[in-house]
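Chains as they are written, first to last, in my numbering: chain A, 6 to 116; chain B, 255 to 368.
Ideal Cβ positions, reconstructed from N, Cα and C, are used throughout, including at glycine.
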Amino acid sequence: LAKTTQPISMDSYEGQEVNITCSHNNIATNDYITWYQQFPSQGPRFIIQGYKTKVTNEVASLFIPADRKSSTLSLPRVSLSDTAVYYCLVGDATGANNLFFGTGTRLTVIP
Amino acid sequence: KAGVTQTPRYLIKTRGQQVTLSCSPISGHRSVSWYQQTPGQGLQFLFEYFSETQRNKGNFPGRFSGRQFSNSRSEMNVSTLELGDSALYLCASSLGRNPRGEQYFGPGTRLTVT
Numbered sequence: 006l007a008k009t010t011q012p013i014s015m016d017s018y019e020g021q022e023v024n025i026t027c028s029h030n031n032i033a034t035n036d037y038i039t040w041y042q043q044f045p046s047q048g049p050r051f052i053i054q055g056y057k058t059k060v061t062n063e064v065a066s067l068f069i070p071a072d073r074k075s076s077t078l079s080l081p082r083v084s085l086s087d088t089a090v091y092y093c094l095v096g097d098a099t100g101a102n103n104l105f106f107g108t109g110t111r112l113t114v115i116p
Numbered sequence: 255k256a257g258v259t260q261t262p263r264y265l266i267k268t269r270g271q272q273v274t275l276s277c278s279p280i281s282g283h284r285s286v287s288w289y290q291q292t293p294g295q296g297l298q299f300l301f302e303y304f305s306e307t308q309r310n311k312g313n314f315p316g317r318f319s320g321r322q323f324s325n326s327r328s329e330m331n332v333s334t335l336e337l338g339d340s341a342l343y344l345c346a347s348s349l350g351r352n353p354r355g356e357q358y359f360g361p362g363t364r365l366t367v368t
């Protein structure tokens, strides 16, 4: 079971780029890395998913080094509405293993 | 397309009682996963169902069970409730394909055990 470690909290000013790193030292060959965002009293919302190197979509980028033992979620030019908890999730591609969300990183964007 | 719906949204039960929570996935999604979220333990995986079969199970006691129907709707049941079962229970649906793609979460059911 691949577990993850993230910083508990981070603060950032509006307009800055935020990088949140997740450690997953025992990631397995079949595991993908997925990031979710959660606002209070809501279910998590998918941000981005990747297997290796770099993935980019309209809201974020995901950087995964060659050894895949960590990953970095990059949020460009954050706004106040990006204040939320961000979860790094490592899961088996076949769906055969448990999914472990971890404690998440509470990002607070400051005006 | 309608999102994931969960019923009821709020529930208050007494220790020792049992409870059943319901989840309706997004149309066409065959995988339904359940999670428990508490301030102390965070988001913990309960189990996943795919095509009416339990595909995966987290580390929870046997008091927690679930099932999935032919229309992909899912229920989870908690028997002999304990105070520690007070939590937000989240349901997520996905296509269930390989690789595991985006999961869509419902708003959750807030269970309070007194």
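Residue i and residue j closer than 8 angstroms at C-beta
i	j	result
A341/B	F359/B	no
T88/A	V114/A	yes
Q260/B	L275/B	yes
T110/A	P45/A	no
I38/A	G20/A	no
G320/B	E306/B	no
S66/A	T26/A	no
F318/B	L300/B	yes
Q272/B	F51/A	no
R269/B	V367/B	yes
F304/B	R327/B	no
T96/A	D36/A	For the record, residue 96/A in the displayed sequence is Gly; it is not Thr. Yes, the Cβ-Cβ distance between G96/A and D36/A is below 8 angstroms.
Where residue i falls, given that 16 or more other Cβ within 10 Å makes a residue buried
i	result
E336/B	exposed
F105/A	buried
A71/A	exposed
Q295/B	exposed
D16/A	exposed
L85/A	exposed
F323/B	exposed
T9/A	buried
N310/B	buried
S14/A	exposed
Q42/A	buried
V90/A	buried
Y18/A	exposed
Q308/B	exposed
T334/B	exposed
Start-to-end residues for the beta strand (DSSP E) that takes in residue i
i	result
G107/A	Where G107/A is concerned, there is no enclosing beta strand (DSSP E), given that its DSSP letter is neither H nor E.
T363/B	363 to 367
N310/B	307 to 311
S326/B	Segment: none, S326/B is in no beta strand (DSSP E) and carries neither H nor E.
A341/B	341 to 348
E336/B	Element bounds for E336/B: n/a, residue is neither H nor E.
R269/B	Neither: R269/B is in no beta strand (DSSP E) and is coded neither H nor E.
K57/A	K57/A -> no beta strand (DSSP E), and no H or E assigned at all.
I69/A	66 to 69
Q322/B	318 to 322
T259/B	259 to 261
L275/B	273 to 278
S17/A	14 to 18
In DSSP terms, what residue i is bridged to
i	result
R123/A	With chain A covering 6 to 116 only, the question about residue 123/A has no answer from this structure.
T26/A	T77/A
S285/B	F304/B, S348/B
A89/A	L112/A
V95/A	I38/A, F105/A
Give me the subset of the segment 44 to 55 of chain A whose CB atoms are less than 9 angstroms from a CB atom of chain B, sorted by chain position. S46, Q47, G48, P49, R50, F51, Q54
Selection of the segment 321 to 333 of chain B by Cβ proximity to chain A, strictly under 8 angstroms: none
Can you pull out the residues from the segment 281 to 302 of chain B whose beta carbon lies closer than 8 angstroms to at least one beta carbon of chain A? S285, S287, Y289, G296, L297, Q298, F299, E302
If the cut-off is 7 angstroms on Cβ atoms, which residues from the segment 14 to 28 of chain A count as contacting chain B, listed in chain order? none
When you check each C-beta in the segment 82 to 95 of chain A against every C-beta of chain B, which residues fall closer than 8 angstroms? Y92
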